[in-house]
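Participant: In the numbering used here, the protein residues as written are 85 to 399.
Every residue, glycine too, gets a C-beta built ideally from N, C-alpha and C.
The structure that follows is given in the form of structure tokens.
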Amino acid sequence: MSFELLELPALSRFTVDRREPLRGDAERVAQLWPKARVITVDAHGRTLVADQASRLVDRPATEFGDGPPDDAVLLGEQDGVAYWAMPPADETDVAAPSGRAWSRPELTDEPQWLDLRSCGALLDDTGAGLFTSAVALFHWHRSAKFCAVCGGGTESAKSGWARVCSQCGREEYPRTDAAVICLVHDGADRVLLARGEGWPAGRYSVLAGFVEAGESLEACVAREISEEVGVEVGDIRYLGSQPWPFPRSLMIGFQAVADPDEPLRLADGEIAQAKWVSRADVRQALEVPGSVPDLLLAPGASIAYRMIQSWAAVN
Ligand SMILES: [Zn+2]
Numbered sequence: 085m086s087f088e089l090l091e092l093p094a095l096s097r098f099t100v101d102r103r104e105p106l107r108g109d110a111e112r113v114a115q116l117w118p119k120a121r122v123i124t125v126d127a128h129g130r131t132l133v134a135d136q137a138s139r140l141v142d143r144p145a146t147e148f149g150d151g152p153p154d155d156a157v158l159l160g161e162q163d164g165v166a167y168w169a170m171p172p173a174d175e176t177d178v179a180a181p182s183g184r185a186w187s188r189p190e191l192t193d194e195p196q197w198l199d200l201r202s203c204g205a206l207l208d209d210t211g212a213g214l215f216t217s218a219v220a221l222f223h224w225h226r227s228a229k230f231c232a233v234c235g236g237g238t239e240s241a242k243s244g245w246a247r248v249c250s251q252c253g254r255e256e257y258p259r260t261d262a263a264v265i266c267l268v269h270d271g272a273d274r275v276l277l278a279r280g281e282g283w284p285a286g287r288y289s290v291l292a293g294f295v296e297a298g299e300s301l302e303a304c305v306a307r308e309i310s311e312e313v314g315v316e317v318g319d320i321r322y323l324g325s326q327p328w329p330f331p332r333s334l335m336i337g338f339q340a341v342a343d344p345d346e347p348l349r350l351a352d353g354e355i356a357q358a359k360w361v362s363r364a365d366v367r368q369a370l371e372v373p374g375s376v377p378d379l380l381l382a383p384g385a386s387i388a389y390r391m392i393q394s395w396a397a398v399n
């Protein structure tokens, strides 16, 4: 028994044309600026959202100057409207967020500052895609201020999609780290879920890990599951992927089958608990969070949520 994702993962939605050739076209960029829209993303990865976090609050680009400032990034263009993101004018003014990344935000109709984990699944398709790319780009810009070869300072180029070394001229592009995430099931009606060390009590998800240098995705799936819970998996199949810019992962989702009679051996210091859970319990926990003892599932913005939801829907 295998399954497919019911819908795209929340952060894989992107409806605006990315327009890669536009990024280096200064003349066309300048033409588009007067009608362009800008979202602001602060140092804590939050942006302003409205209407119960269903849409981004953007502002006319002309409020930010006669042309794109150096730290602006071009997210894409649709119907003659270019979409940009910028950091706030003064980052030192930004108050630290209250509450944990895991907690559900209190939603209002008034504009409010929320991070991508909190509101990624609530935003409309266009908003989710724009915000995800903006967060990924700003994480990269903050960590790429110096050339990896000569140590010289770098400057943003190509509308925020490259950085150029001021000493040796080397160009660097936004980096992405590949990570696999795998829903392990028994081929029937049970799924293997695990709780990482340091996670809130009762929180469980599917297993995940970073792809190592020189490793294939399939080999990574088998290795990670063997290391984390000590079981061998077979029938590894691709499910789908989603960007996870915290700070720069691409989650590549798989399903695999394991034998629930095999004893679980948990990785010390990494996995606190792991257990086989019935489809009925997963359905109940999705429907009414908190209604199944010791089973709180992954948040809606994660690909884990979409994977678990899609497996649970199989008849
Ligand atoms: Zn350099």
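Going by C-alpha to C-alpha distance, which of L267, A272, S240 and D155 sits closest to Y257?
Facilitator: Residue S240 is the option with its Cα nearest to Y257.
Participant: Taking the runs of the beta strand (DSSP E) that are 3 residues or longer, which of them lie wholly in the segment 259–341?
Facilitator: 261–269, 274–280, 291–294, 318–328 and 333–341, all fully within the segment 259–341.
Participant: Using a threshold of 8 Å, state whether the C-beta atoms of A94 and A385 are closer than that.
Facilitator: In contact: A94 and A385 (Cβ atoms closer than 8 Å).
Participant: Tell me which residues share the same chain as G237 and place their Cβ nearer than 7 Å to its Cβ, disregarding the 5 neighbours each side in the sequence.
Facilitator: Excluding sequence neighbours, G237 sits near K229, F230 and S250.
Participant: Can you give the beta carbon distance from F338 to V264, rounded, assuming they're within the 8 Å contact cut?
Facilitator: Right, the Cβ-Cβ distance comes to about 6 Å (below 8 Å), so this counts as a contact.
Participant: Output the distance between the C-alpha atoms of E296 and R112, rounded to the nearest integer angstrom.
Facilitator: Each residue's alpha carbon lies about 41 Å from the other.
Participant: Might you give, ordered along the chain, the residues of its own chain that have their beta carbon closer than 6 Å to the beta carbon of P195, omitting 5 neighbours on each side?
Facilitator: Around P195: L132, A134 and V141.
Participant: Given 7 Å as the limit, tell me if R254 has its C-beta closer than that to any heavy atom belonging to ligand 1.
Facilitator: Answer for R254: yes, Cβ within range of ligand 1.
Participant: Quick check on A292: buried or exposed, where buried means 16 or more other Cβ atoms within 10 Å of its Cβ?
Facilitator: Looking at its Cβ environment, which holds 16 or more other Cβ atoms inside 10 Å, A292 is buried.
Participant: Going by DSSP in three states, P144 sits in which element: helix, strand or coil?
Facilitator: Residue state, collapsed to three classes: strand.
Participant: Take every Cβ of the segment 281–288, pair it with every Cβ of the segment 355–368, and state whether three or more of those distances are shorter than 8 Å.
Facilitator: The segment 281–288 is in contact with the segment 355–368.
Participant: Using only alpha-carbon positions, find the residue among G280, G213 and C266 that is nearest to A60.
Facilitator: Because the chain in this structure spans residues 85 to 399, residue 60 falls outside the shown range and cannot be described.
Participant: Please go through the same chain and pick out, in chain order, the residues whose beta-carbon is closer than 6 Å to the beta-carbon of E255, but skip the five residues on each side of it.
Facilitator: Result list for E255: A246 and V248, in chain order.
Participant: If you check the beta carbons only, do R332 and W197 fall under 8 Å apart?
Facilitator: No, they are not a contact pair.
Participant: With distance defined between alpha-carbon atoms, name the residue in A205, V313 and G151 nearest to D345.
Facilitator: Among A205, V313 and G151, the Cα nearest to that of D345 is on V313.
Participant: So is the beta-carbon of V113 under 7 Å away from any non-hydrogen atom of ligand 3?
Facilitator: Inclusion of ligand 3 in the displayed structure is not the case, the ligand content consisting of ligand 1 alone.
Participant: Just to confirm, does Q393 get its C-beta within under 7 Å of one of the non-hydrogen atoms of ligand 1?
Facilitator: No - ligand 1 has no heavy atom lying nearer than 7 Å to the Cβ of Q393.
Participant: Going by DSSP, what residues sit across from M170 in a beta bridge?
Facilitator: M170 pairs with T124.
Participant: Helix, strand or coil for L348, going by three-state DSSP, please let me know.
Facilitator: Coil, per DSSP.
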